[in-house]
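Reading through the structure tokens given below for one structure.
Chains as they are written, first to last, in our numbering: chain P, 3 to 170; chain D, 379 to 547.
Laid out in structure tokens, this is it:
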């Protein structure tokens, strides 16, 4: 059976870090998939916000989000932050989950991200996000960085897994 | 979900030329769930991305969708349609779109089948949009063929469609 859904690299945090980077991504797959379980380490917030960017550059990004928060639905655009995950003021030991799918990451088209993100809280203010992001750049993606818009570190036990998906 | 080798491409179609109106994956068997990844180039006209199972074009599908465009959000629902809805708002004339579509337990012969779809039109203009839809096919037959169409519009060259099979064990 073809091995077409392949773990490229895992990051399991044993100490806090400001960002998580997958570098030297092989150019041998069709699509990329990143699965993240994250919590912020400091600050007053219930939720912090993901940043995700490629090849070390944070320019030329356009993010669109459809969200559900406390029974309300809305939509916004952003050039940087991209959905929420749990921060210290949320329920203890609770991590936000996110999945980022990046098709055709080696091609010469602008690169897109399809994102599904949840940040649950055992009280009010649970949050759910669908995201579409565009990086207006024709370069192949060789590195991928997940950061925290709110300038806090990722907590210990945050995990991120990068998969390569082949269509043949 | 380290799925390893259980995530297997059944078939991939890349559109070339200018006469293809639908893509059909047939003789599907041997898996637990199906995932289809559709990456479409801009069309000549705005269109609805649709899915049909087993070539059923009867009014045997119902769906609900919610979507957002950065300034507003909306939800729609329809019954007795002749297609399952992949997205009702995303295919346009200037942007690529991507859809990930899931069918769980597609081979059982006792339950109606559902299609869960996640779509996005990433753009650096006000045309950016996202959607999520859930459709039901009112038929208990095992799914053996899976057709994707754009409401009869020509599928543009450079569009790719890949159907993956997932094994539960």
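For every residue, glycine included, the Cβ atom is placed at its ideal position computed from N, Cα and C. Owing to the predicted nature of the structure, the values given are computational and were not obtained by experimental measurement.
Cutoff 7 Å; reference residue i; Cβ partners in own chain excluding five residues on either side
i, result
"residue 130 of chain P", "69, 70 and 120"
"residue 545 of chain D", "384, 409 and 410"
"residue 110 of chain P", "140"
"residue 461 of chain D", "428, 429, 430 and 439"
"residue 536 of chain D", "393 and 419"
Whole-number beta carbon distance between residue j and residue i, since they are thought to touch under 8 Å
i, j, result
"residue 431 of chain D", "residue 521 of chain D", "5 Å"
"residue 513 of chain D", "residue 402 of chain D", "At roughly 18 Å, the Cβ-Cβ gap does not stay under 8 Å, so residue 513 of chain D and residue 402 of chain D are not in contact."
"residue 51 of chain P", "residue 151 of chain P", "4 Å"
"residue 7 of chain P", "residue 143 of chain P", "Not really, about 18 Å apart at Cβ, beyond 8 Å."
"residue 40 of chain P", "residue 98 of chain P", "5 Å"
"residue 9 of chain P", "residue 165 of chain P", "6 Å"
"residue 508 of chain D", "residue 412 of chain D", "About 22 Å; that fails the 8 Å criterion."
"residue 156 of chain P", "residue 43 of chain P", "6 Å"
"residue 500 of chain D", "residue 114 of chain P", "4 Å"
"residue 45 of chain P", "residue 154 of chain P", "5 Å"
"residue 36 of chain P", "residue 163 of chain P", "7 Å"
"residue 145 of chain P", "residue 30 of chain P", "Rounded, the Cβ-Cβ distance is 15 Å, inconsistent with contact."
Which of helix, strand or coil DSSP assigns to residue i
i, result
"residue 406 of chain D", "coil"
"residue 79 of chain P", "strand"
"residue 518 of chain D", "coil"
"residue 423 of chain D", "coil"
"residue 30 of chain P", "coil"
"residue 96 of chain P", "coil"
"residue 503 of chain D", "coil"
"residue 108 of chain P", "coil"
"residue 488 of chain D", "coil"
"residue 472 of chain D", "coil"
"residue 48 of chain P", "coil"
"residue 10 of chain P", "strand"
"residue 399 of chain D", "coil"
"residue 144 of chain P", "coil"
"residue 21 of chain P", "strand"
Listed by chain order, chain D residues near residue i by CB distance under 7 Å
i, result
"residue 111 of chain P", "474"
"residue 44 of chain P", "Near residue 44 of chain P there are no residues of chain D at all, since even the closest Cβ is about 29 Å away, more than 7 Å."
Under 8 Å by beta carbon: chain D residues contacting residue i
i, result
"residue 22 of chain P", "Within chain D, no residue comes near residue 22 of chain P; the closest Cβ sits about 18 Å away, beyond 8 Å."
Own chain, CB closer than 6 Å to residue i, minus 5 neighbours either side, in chain order
i, result
"residue 417 of chain D", "476 and 538"
"residue 548 of chain D", "As displayed, chain D neither begins before 379 nor continues past 547, which places residue 548 of chain D out of reach and without an answer."
"residue 83 of chain P", "51 and 151"
"residue 425 of chain D", "469, 528, 529 and 531"
"residue 414 of chain D", "479 and 541"
"residue 78 of chain P", "67"
"residue 63 of chain P", "81 and 137"
"residue 21 of chain P", "147 and 149"
Own chain residues within Cβ distance below 8 Å of residue i, not counting five before or after
i, result
"residue 420 of chain D", "470, 471, 472, 473, 474 and 534"
"residue 455 of chain D", "440, 441, 442 and 443"
"residue 397 of chain D", "532"
"residue 60 of chain P", "53 and 82"
Chain D contact residues for residue i, given Cβ-Cβ distances below 9 Å
i, result
"residue 119 of chain P", "What residue 119 of chain P touches in chain D: nothing, since even the nearest Cβ is about 12 Å away."
"residue 6 of chain P", "383, 385, 386, 387 and 542"
Proximal residues of chain P, C-beta to C-beta of residue i below 7 Å
i, result
"residue 550 of chain D", "The shown model of chain D, from 379 to 547, leaves out residue 550 of chain D, and the question about it has no answer."
"residue 604 of chain D", "Given a span of 379 to 547 for chain D in the structure shown, any question on residue 604 of chain D remains unanswerable."
"residue 499 of chain D", "134"
"residue 510 of chain D", "132"
Below-9 Å beta-carbon distance, residue i vs any chain C residue
i, result
"residue 76 of chain P", "Judged by its chain identifiers, the structure shown contains no chain C, and its protein chains are P and D."
Exposed unless 16 or more other CB atoms sit within 10 angstroms - verdict on residue i
i, result
"residue 380 of chain D", "For residue 380 of chain D, the predicted structure reports a pLDDT of 45, less than 50, and the residue's modelled location is therefore unreliable. The matter cannot be settled from this model."
"residue 387 of chain D", "buried"
"residue 518 of chain D", "exposed"
"residue 94 of chain P", "exposed"
"residue 395 of chain D", "exposed"
"residue 169 of chain P", "buried"
"residue 125 of chain P", "exposed"
"residue 428 of chain D", "buried"
"residue 158 of chain P", "exposed"
"residue 504 of chain D", "exposed"
"residue 437 of chain D", "exposed"
"residue 433 of chain D", "exposed"
"residue 28 of chain P", "exposed"
8 Å Cβ cut-off: residues of chain P touching residue i
i, result
"residue 535 of chain D", "Under the 8 Å cutoff, chain P gives no residues; its nearest Cβ is about 13 Å from residue 535 of chain D."
Chain P residues whose Cβ lies nearer than 9 Å to that of residue i
i, result
"residue 506 of chain D", "64, 65, 66, 79, 134, 135 and 136"
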